[in-house]
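Structure first, then comments.
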């Protein structure tokens, strides 16, 4: 458990960032490999960018409002 | 000598070298040069072993797409972590853990005294290593794919010509890196960390997208658009957080005033 925690702290140390990026990877993976979602492949880049920005805004919001 | 191949390899490799150098420079300036160079040299050594062992078969055995995806995701994670800290500092909302604050204060103190921390930082070594390894592999791919498409009768072959082009690009880019090293030291610490966060997130997004097979418009030049996009978004976030901080300060001040008034009224009665 200590090793996992050390890797987590080293890599990111923030649950919102980690969860958000994992969700983005899952979404992109599904778009890439599910024929049903193949029409969304052209939007993979913008989806990734928007997710990254949303994750950043979410983690900053938590920091800003948790201080209240 | 195949000039067309050498020139094409020079240009394509220069882009990859600049990308690797950017990360090596930011690690060197923000963490320390020892960690940055150890990571870069370890990656160069790994590249020598990989290229020496596999030779031109490298293209078949190294899953460059998977590597791009993994490095991209890790860079996005690192980048967002740094960007978050830098934005919080710019807006006046500090969100550092005590241990990190102590460590960073110590680093700042050492820098203030003109000393530098030469202790190896795993974070810096890993960042430098991964970036140089990925970009180095891409250069090797460029040399092999560009060079192996040409068959020659005597003289310097296609791969050798591509390798010469890539080597010249490497020397020029590293030389430029040495020149910009000194001016970078004068940039304030939080600004540097902010730039690092922007660069890591931009490169990470780009490589992760490529790892998923997405073809970015304008190819590698799209990294500049990503940088601009994240810069604009960060400035908007800093402005918003400053307003939040100001509002919080006003609420606390009003609350304190109310407390004092209540106490004074209690004393009078």
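Chains as they are written, first to last, in this note's numbering: chain V, 138 to 205; chain C, 989 to 1257. Just so it is clear, CB atoms sit at the ideal spot from N, CA and C, and this is done for glycine as well.
- Local Cβ density within 10 Å of residue 1020 of chain C, reported as buried at 16 or more and exposed below that: Its Cβ being crowded by 16 or more others within 10 Å, residue 1020 of chain C is buried.
- Message: Less than 8 Å between the beta carbons of residue 1197 of chain C and residue 185 of chain V, yes or no?
- Response: yes
- Message: My output table needs one value for residue 183 of chain V: the three-state DSSP class, helix, strand or coil.
- Response: In the structure shown, residue 183 of chain V sits in a helix (DSSP, three-state: H, G or I).
- Task: If I'm right that residue 1160 of chain C touches residue 148 of chain V with Cβ under 8 Å, what's the distance once you round it to whole angstroms?
- Result: With 8 Å as the limit, residue 1160 of chain C and residue 148 of chain V do not qualify as a contact, their Cβ atoms being about 34 Å apart.
- Query: Where residue 1046 of chain C and residue 1225 of chain C are concerned, what is the direct C-alpha to C-alpha distance, given to the nearest angstrom?
  - Reply: 44 Å
- Which value, in whole angstroms, describes the spacing of the CA atoms of residue 1068 of chain C and residue 1048 of chain C? Rounded to the nearest angstrom, the two C-alpha atoms are 33 Å apart.
- Message: So residue 1117 of chain C contacts chain V; which residues on that side make the cut at Cβ distance below 7 Å?
- Response: By Cβ distance, chain V contributes nothing, its closest Cβ being about 14 Å from residue 1117 of chain C, past 7 Å.
- Message: Output needed in chain order: residues of the stretch 1066-1081 of chain C with a Cβ under 9 Å from some Cβ in chain V.
- Response: Result list: 1066, 1067, 1068, 1069, 1071, 1072, 1075, 1076, 1079 and 1081.
- Taking the continuous alpha helix (DSSP H) assigned at residue 1108 of chain C, which residues delimit it? Premise fails: residue 1108 of chain C is in no alpha helix (DSSP H) and is neither H nor E.
- Message: Using the three-state DSSP reduction, which class does residue 159 of chain V fall into: helix, strand or coil?
- Response: helix
- residue 194 of chain V: contacting residues in chain C (beta-carbon distance under 7 Å): Residues of chain C with a Cβ closer than 7 Å to the Cβ of residue 194 of chain V are, in chain order, 1225.
- Message: Within 8 Å of any Cβ in chain V, is that where the Cβ of residue 1087 of chain C sits?
- Response: Low confidence applies here, because residue 1087 of chain C scores a pLDDT of 46, under 50, leaving its location unreliable; read the following figure in that light. Under the Cβ criterion of 8 Å, residue 1087 of chain C is not counted among the residues facing chain V.
- List, in order along the chain, the chain V residues whose C-beta lies closer than 8 Å to that of residue 1204 of chain C? 182
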